[in-house]
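Residue numbers (the working numbering): 3 to 687. Even for Gly, the Cβ is constructed at its ideal location relative to N, Cα and C. Keep in mind it's a predicted model, so treat the numbers as computed, not measured. Notes for the one structure printed next.
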């Protein structure tokens, strides 16, 4: 009676089995990483990564199978038919490529799992094609239940593998996809081999032209080496690609895209390093402003302005020598650094800068002439910190701009007496938030008809440890010039929204926004974050803007304002009537409120024009259905005048001085404004 041999109970050389599992793990990691990359690239790179993933996957499937087969000891004469053995490798590679191509496609969402199923089916196709080439001195049969299970397991795990890699959002998901493919290959092979039943038959002769185990081993080693090499090349390519990407993005982050010069971020890194290196020697920090640049943009367009910047900075870059640093930190603002031992070296550098900026620039048939305002501060004479040196170079540059004679100015404490306080303010403002020196107070805004408290305007106050109480009229312009206003404005919005949430609804809060802050591309997104974080209802927030920010860049400003309105936040025009295009501005954007500038209230009764302006604005608001608020109401005469003209809202000392948030909360709880206003006046005194 013939003995039937089963793979599961037949002896194995487990060294080959372990090697098969090891190469399976390596190959699956390589192929799935390539598949992940193929999902994230386009065109030629996409095709290349799909091909490499298919090669790695197909060779891994084939090598795993035949390494495990070398470890299978059937105890009968056997061999491997070359044609089917090679055909099984071709099937493995072809189906893997097809599967990865389908799964990496973005045309249909379901194709991710469909591609995984093709890979799983390809594992089965390769296995049984390879087994067709396995010749023994006997007959081979299969257990159908094992065969069915192995095919379904391979397809299911193939689908899971591509699903996790393509749809996962974490590194763990990537690992899960690799593990699923390893299990798919392993379970498919060993379950399918469990279906194999060998019935020895001495009458069956194994042909001599078949590949022996040793020949197959050589072929398997060659394919294994290819898999390992592909894995190594893939790893090196990814590492190099990541390094190149990091270097590329770092260059983009640290350089101005128009001129290729270092940008403000690069300056923040460079200047502290330069100061550290300059210990014991002198260093000149030079602030440069391109004159007449705005005129070129306004008259000839931004393309002409860009051309001027490109040509000017190209000349400047060509003139630099070792040790000199030159960067663009704003639209027409530049900064340079020069180590020196003699003062005339700095003079020579400043002359080169002046020459580069003053030469005519050509664009087509046009010629554009510019010049540079140049201010110089020196380390350590004028300061020993980046902030001090930068501020003092700016002050010297502003003096150069006032002179308008093309000369450069060294920082001079006496000559810059007016600017010295601005320099102190600029330095102090940089740490004002961290020191807790800023605070908000709130001035009531009332309905003149209903005598009700509507809300408050948030007003910024700063008490400097060095300068004492500093007026907003002094520190706000400095904050805007230096760019610190962006950080301060963000703090004001966050603080005002947070404190307003403590007041009873629907009491609103109005916040002034600087043009510098408003014109930042992400202002609307940042405002959304603040409202979400504080929990303030958008309808309770009112953003106040001045007309000047709409005049300077109307297209960008109106785009930002529409985004703000879309959030549900109200928008008011502050200081209405002081600009030269107020009426046209009202037709360009549907404001929620008009605020009449306090200067007209102050002139009421003394200048007939002031009376006419106020009456006209109130009437205009009525016709456009836009509420009008009068600022600076301090006398009963002013209040009576506004009430007679049916002014909607008012704000001023007559109705309450600015108060802290706690007092504002108490005022808001009172709910209405009474004519005798004794309680409210007591609270806000």
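Its Cα nearest to that of residue 159, the residue 182 stands out among 182, 137, 173.
Straight-line spacing of the CA atoms in residue 54 and residue 135 works out to 27 Å. If you check the CB distance, residue 395 and residue 287 come in under 8 Å.
Sequence-distant partners of residue 170 (beyond 5 residues in either direction) whose C-beta falls short of 8 Å from its own C-beta, in its chain, are 176, 178, 179.
Boundaries around residue 321 are those of the alpha helix (DSSP H), 304-321, since no beta strand (DSSP E) includes it.
Where residue 646 is concerned, the enclosing alpha helix (DSSP H) starts and stops at 638-646. If you draw a straight line from the Cα of residue 595 to the Cα of residue 516, it comes to about 18 Å. Residue 519 counts as buried, since no fewer than 16 other beta carbons sit within 10 angstroms of its beta carbon.
Residue pairing from DSSP places residue 291 in a beta bridge opposite 335, 375. The C-alpha of residue 139 is placed about 30 Å away from the C-alpha of residue 95. Closest in alpha carbon position to residue 467, among 556, 431, 461, is 431. Selection 632, 657, 656, 659 evaluated against residue 648 yields 632 as nearest (Cα-Cα). Ranked by Cα distance from residue 157, the first of 185, 142, 146, 145 is 185. Looking at the DSSP output, residue 466 bridges to 470.
If only uninterrupted beta strand (DSSP E) runs of at least 3 residues are considered, those enclosed by the region 178-220 are 198-202. One Cα belongs to residue 105, the other to residue 231, and the distance between them is close to 25 Å. About 5 Å separates the CB atoms of residue 457 and residue 509; that is less than 8 Å, so the two are in contact.
DSSP places residue 174 within a helical segment (H, G or I) once states are collapsed to three. Scanning 491, 480, 382 for the CA closest to the CA of residue 422 turns up 480. In this structure the region 255-262 touches the region 311-324; the number of beta carbon pairs closer than 8 Å is three or more.
Rounded to the nearest angstrom, the gap between the Cα atoms of residue 302 and residue 370 is 10 Å. Boundaries for residue 410: no alpha helix (DSSP H) harbours it, while the beta strand (DSSP E) harbouring it runs 410-412, taken from the DSSP string.
DSSP places residue 392 in the helix class (H, G or I) of the three-state scheme. DSSP lists no beta-bridge partner residue for residue 382. The residue among 116, 321, 320, 339 with its C-alpha nearest the C-alpha of residue 329 is 339. Within the region 506-591, the complete alpha helix (DSSP H) segments of 4 residues or longer fall at 517-520, 525-536, 549-554, 556-568, 584-590, listed in chain order.
Counting only the Cα atoms, residue 60 lies some 8 Å from residue 92. At a Cβ-Cβ threshold of 8 Å, residue 334 and residue 292 count as neighbours. According to the DSSP assignment, residue 95 belongs to the alpha helix (DSSP H) that extends over 84-106.
In the three-state DSSP reduction, residue 441 falls in the strand class (E or B). Straight through space, the alpha carbons of residue 69 and residue 229 are spaced by roughly 14 Å.
In this structure the region 347-360 lies against the region 402-413, because at least three pairs of beta carbons, one per stretch, are closer than 8 Å. Between the alpha carbons of residue 604 and residue 634 lies a distance of about 8 Å. One Cα belongs to residue 172, the other to residue 79, and the distance between them is close to 50 Å.
Each of 461, 434, 437, 436 was checked against the Cα of residue 447, and the nearest Cα belongs to 461. For residue 110, there is no enclosing beta strand (DSSP E), as DSSP gives it neither H nor E.
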